[in-house]
Amino acid sequence: MRRVSIRTIAILAAILLVLLAAIELELHRPLAASTGLKAHHLWLALSMLAWAVGAVLAARLVQALGWNQIGRKTGRYAPFLLIQITNVLIYIAAAMGMAGILFEIPLTGAIATSSVIGLVMGFALKSLISDTFSGIALNLDQGFTINDFIQIVGKPGTMRISGRVTQINWRSTYVLTPENSTLVIPNTVVSESIILNFSKPEPASEFEQIVTLDFEVPSDRAVRVLNAAVHAAARENPAIWDCKARISELNSTGITYKIKYMLNPAKLGPGKAKHFILSHVERQMKMTGLSLAHAKVDNWGRETPEMSRSLGDISNRLWLLRKVQLFKGFEDRELADLAERMTLCHFAPGKKIITVDEPGQSMFILSEGLTSVRAKGHDGDVDLATLLPGDFFGEMSLLTGEPRSASILALTETVAFEIDKDDLLPLLDANPHAAELLSAAAAERRIATATGSAKRNEAASADRASLTAKIFNGMMRFFGRSGTAPVLASA
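Read in order, the letters of the sequence shown are residues 28 to 518 in this note's numbering.
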């Protein structure tokens with residue numbers, strides 16, 4: 028809201044005093060004699076100017092000593108529309124005063140005449156007057172103010188309007204939509220609608236998305252997957268926080284879950300936030316083999332999707348192994364034994380799965396949940412990256428027995444499969460080229476995750492060959508075997 032400066036009030040007061048002094052000292056008479064103008068006309072001009080300056084000064088004083096003081100004490104400043112209406116009333120009173128005192132016009136007849144004219148204009152400008160008074164009510168009520176993010180819910184069947192309030196004037200309320208379009212809504216429509224204000228009492232509000240899954244999916248597993256998805260979205264954009272997934276209801280289609288999260292619409296539009304949330308839900312469901320529920324004739328007689336079976340199911344484990352880059356060169360029959368041997372592990376939120384520099388001889392494949400890669404920093408652990416279902420870690424400890432290169436922290440309830448050194452031995456025995464395949468795949472991953480693309484482009488082939496040989500020789504020592512490092516052709 029605009030502030031009134033003391034300097035402006037002082038200038039207006041000085042001008043008014045000069046004009047009153049001129050009138051009191053009858054300076055219009057000598058001025059008339061020197062200019063040849065009529066003294067009465069000059070007196071009227073000075074008097075009208077004094078009335079006008081006095082009206083402007085009164086309006087400024089009401090704003091400075093009235094509205095602004097109330098705003099400072101209550102913390103709620105008067106809207107500009109209300110100040111405008113107050114100023115208009117002061118100017119009308121000044122005009123009527125001039126008419127009655129200076130021109131000696133009977134105000135009773137003028138008021139009666141203006142009442143008839145006002146009645147006629149009232150019928151003609153009914154909608155305008157209604158919008159004006161609705162605007163006054165909206166400003167006084169303070170249900171929403173400029174920059175608030177609101178949703179206008181009209182009558183059933185009408186469009187819901189969402190956006191940020193940019194202006195409230197005499198007749199309309201201006202709302203900037205997430206599509207960057209301005210909607211001009213009559214104040215009468217706004218006053219008759221239900222307003223959902225997402226910016227009060229706090230700048231952020233709780234939003235939700237609905238997801239329905241089949242009855243075959245255990246509810247604890249569904250909640251774990253959805254929680255991981257919404258937390259991944261929150262890590263991607265800090266405007267989203269306080270995320271959670273809960274069971275909402277049971278219906279004929281399946282189990283409905285609500286994904287709830289706090290969002291500040293001023294920092295991230297609800298539409299974009301919905302995109303972040305649902306894109307991560309889609310990825311998590313894809314990696315865990317879950318799918319949305321749909322209408323069915325026989326819910327229990329159909330074939331259960333491959334990955335929505337129990338986490339301990341061999342087909343589930345084999346499907347996950349196929350997604351791991353380290354085992355891309357192996358056939359399903361070779362991975363089947365490894366799938367049976369790997370161990371299913373559960374980790375609570377905040378649990379460290381592995382710790383940097385500690386010894387280890389196993390790797391983990393993330394099946395469900397969300398984890399963080401941490402490294403030591405000057406002021407404690409530093410968050411380096413986020414791992415999602417399908418990602419794996421600890422492969423160098425499994426292959427060569429190296430200490431852990433980073434810490435992995437479970438951010439949500441997490442499910443992972445652990446592959447130990449003893450689990451890998453049958454694969455090495457069954458396939459004479461297994462060590463070569465594993466060392467080459469591990470080298471590819473190490474190069475792909477190395478920082479600095481320029482370095483990778485300069486000497487990728489040389490790095491790959493030397494790193495593959497190093498990992499291969501480390502595997503031979505770690506597993507107590509002999510062999511010659513593979514020779515890779517230059518790219």
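Glycine residues also receive a C-beta, built at the ideal position from the N, C-alpha and C atoms. Since the structure is predicted, the reported quantities are computational estimates derived from the model, not experimental observations.
Given a threshold of 16 other Cβ atoms within 10 Å of its Cβ, counted over all protein chains shown, does V308 qualify as buried or as exposed? Mapped onto the sequence shown, residue 308 falls at position 281. Flag for V308 reads buried.
Between the beta-carbon of T398 and the beta-carbon of T382, is there less than 9 Å? Stepping through the sequence shown from its first residue, residue 398 is reached at position 371. Stepping through the sequence shown from its first residue, residue 382 is reached at position 355. Taking 9 Å as the Cβ cut-off, T398 and T382 do not qualify as a contacting pair.
Compare the beta carbon distance of R368 and I446 with 9 Å and say whether it is the shorter of the two. Taking the first residue of the sequence shown as position 1, residue 368 is located at position 341. Taking the first residue of the sequence shown as position 1, residue 446 is located at position 419. Yes; because the gap between Cβ atoms is below 9 Å, this pair is in contact.
Counting C-beta neighbours from all protein chains within 10 Å, is the total for I119 16 or more, i.e. buried, or is it exposed? Position 92 of the sequence shown, counted from the start, is the residue given in the question as residue 119. Looking at its Cβ environment, which holds fewer than 16 other Cβ atoms inside 10 Å, I119 is exposed.
According to DSSP, simplified to helix, strand and coil, what is L290? On the sequence shown, residue 290 is found 263 positions in, with the first residue counted as 1. Reduced to three states, the DSSP call for L290 is strand.
Measure the alpha-carbon distance for F374 versus N291 and round it to whole angstroms. Counting from 1 along the sequence shown, the entry for residue 374 is found at position 347. Counting from 1 along the sequence shown, the entry for residue 291 is found at position 264. Answer to the nearest angstrom: the Cα atoms are 31 Å apart.
Just reading off the alpha helix (DSSP H) that K299 is part of, what are its end residues? For the purposes of this step, residue 299 is taken as the residue at position 272 of the sequence shown. First-last of the alpha helix (DSSP H) with K299: 297 to 315.
Please say whether I212 and S226 have beta carbons closer to each other than 9 Å? Residue numbering aside, residue 226 sits at position 199 when the sequence shown is read from its first letter. Residue numbering aside, residue 212 sits at position 185 when the sequence shown is read from its first letter. Cβ atoms of S226 and I212: not closer than 9 Å.
In or out: S509 buried (at least 16 other Cβ within 10 Å) or exposed? Position 482 of the sequence shown, counted from the first residue, corresponds to residue 509. By the 10 Å Cβ count, S509 comes out exposed.
Going by DSSP, name the residue or residues bridged to D449. To locate residue 449, count along the sequence shown from 1; it is residue 422. D449 pairs with nothing; no bridge assigned.
For a test of the three-state rule: what should DSSP assign to E276, helix, strand or coil? Residue 276 sits at position 249 when you count from the first residue of the sequence shown. Three-state DSSP puts E276 in a strand.
From G124 to T35, what does the alpha carbon distance come to, in whole angstroms? Numbered from its first residue, the sequence shown carries residue 124 at position 97. Numbered from its first residue, the sequence shown carries residue 35 at position 8. For G124 and T35, the distance between alpha carbons rounds to 24 Å.
Can you round the beta-carbon distance between F499 and E471 to whole angstroms, since I take them to be within the 8 Å contact cut? Sequence index remark: in the sequence shown, residue 499 carries index 472 (1-based). Sequence index remark: in the sequence shown, residue 471 carries index 444 (1-based). Incorrect: roughly 13 Å between the Cβ atoms, too far for contact.
Which parts of the region 367 to 398 are runs of the beta strand (DSSP E), unbroken and 3 residues or longer, counting only runs that do not cross its ends? 370 to 374, 379 to 381, 389 to 395
Count Cβ pairs between the region 399 to 413 and the region 449 to 456 that sit closer than 8 Å; are there 3 or more? no
Entirely enclosed alpha helix (DSSP H) segments - the region 395 to 428, minimum 4 residues: 422 to 427
Assuming Q236 and L305 form a contact by the criterion Cβ under 8 Å, report the distance between their Cβ atoms to the nearest whole angstrom. Locating residue 236 in the sequence shown gives position 209, where the first residue counts as 1. Locating residue 305 in the sequence shown gives position 278, where the first residue counts as 1. The pair is a contact, with the Cβ atoms about 6 Å apart (cut-off 8 Å).
From Q96, S246, M503, A322, pick the residue whose C-alpha is nearest to that of T427; which is it? For the purposes of this step, residue 427 is taken as the residue at position 400 of the sequence shown. Cα-wise, what sits closest to T427 is M503.
Any chance the region 253 to 273 sits against the region 212 to 221, with 3 or more Cβ pairs inside 8 Å? no
Would you mind sorting L92 into buried or exposed? The rule is 16 or more other CB atoms within 10 Å of its CB. Translated into positions along the sequence shown, residue 92 becomes position 65. Counting Cβ neighbours within 10 Å, L92 comes out exposed, since fewer than 16 surround it.
Own chain partners of A266 with C-beta closer than 8 Å, once the 5 adjacent residues on each side are dropped: Counting from 1 along the sequence shown, the entry for residue 266 is found at position 239. These residues qualify, in order along the chain: L290, N291, K294, L295, A300.
Shortest alpha-carbon distance to P245 belongs to which of L129, Q194, Y284, F419? Taking the sequence shown and counting its residues from 1, one reaches residue 245 at position 218. Minimum Cα distance to P245 is reached at Y284.
CB A121 to CB G81, shorter than 9 Å? On the sequence shown, residue 121 is found 94 positions in, with the first residue counted as 1. On the sequence shown, residue 81 is found 54 positions in, with the first residue counted as 1. Contact: yes.
Nearest candidate by alpha-carbon position, reference V83, set I195, A41, I117: In the sequence shown, counting from the first residue as 1, residue 83 sits at position 56. Of I195, A41, I117, the residue nearest in Cα terms is I117.
Cα-Cα separation, H258 to G181: The count along the sequence shown starts at 1 and reaches residue 258 at position 231. The count along the sequence shown starts at 1 and reaches residue 181 at position 154. About 34 Å.
Confirm, please, whether the CB-CB distance from A443 to G396 is below 9 Å. The sequence position of residue 396 within the sequence shown is 369, counting from 1. The sequence position of residue 443 within the sequence shown is 416, counting from 1. A contact, by the Cβ cut-off of 9 Å.
Cβ shell of A467 (< 6 Å), same chain only, five flanking positions each side left out: The sequence position of residue 467 within the sequence shown is 440, counting from 1. Excluding positions up to five away in sequence, the list reads T495.
What did DSSP end up calling E333 once you bin it into helix, strand or coil? Numbered from its first residue, the sequence shown carries residue 333 at position 306. Residue placement at E333 is flagged as unreliable, the pLDDT there being 46, under the threshold of 50; the coordinate-derived value follows with that caveat. Note: E333 maps to helix in three-state DSSP.
In chain order, which alpha helix (DSSP H) runs of at least 4 residues are fully inside the region 224 to 280? 246 to 263
For T441, the three-state DSSP class (helix, strand or coil): Residue mapping note: residue 441 aligns to position 414 of the sequence shown, counting from 1. The answer is strand: DSSP assigns T441 an E or B state.
So I274 and T239 are in contact, right, with Cβ under 8 Å, and what is the actual spacing, rounded? Here residue 274 refers to the residue found at position 247 when the sequence shown is read from its first residue. Here residue 239 refers to the residue found at position 212 when the sequence shown is read from its first residue. Actually they do not touch by this definition, with Cβ atoms about 11 Å apart.
Residue range of the unbroken alpha helix (DSSP H) whose run includes S218: Reading the sequence shown from its first residue, position 191 is the one you call residue 218. 214 to 218 is the extent of the alpha helix (DSSP H) around S218.
Over the uninterrupted alpha helix (DSSP H) stretch that includes T62, give me the two end residues. Within the sequence shown, the letter at position 35 stands for residue 62. Run containing T62: 55 to 62, per the alpha helix (DSSP H) assignment.
L46 and L76: beta carbons closer than 9 Å? Taking the first residue of the sequence shown as 1, we reach residue 46 at position 19. Taking the first residue of the sequence shown as 1, we reach residue 76 at position 49. Cβ distance < 9 Å, so L46 and L76 count as in contact.
Using a beta-carbon distance below 9 Å, is A256 in contact with chain B? Within the model displayed, chain B is absent; a lone protein chain is all it includes.
Spatial neighbours of W327 within its chain, please: CB distance less than 7 Å, with the 5 preceding and 5 following residues excluded, ordered by chain position. Against the sequence shown, residue 327 aligns to sequence position 300. Caution applies to W327, whose pLDDT of 48 falls short of 50 and renders its modelled position unreliable; the value that the coordinates give is listed next. Counting only Cβ-Cβ distances below 7 Å, and skipping sequence neighbours, we find nothing.
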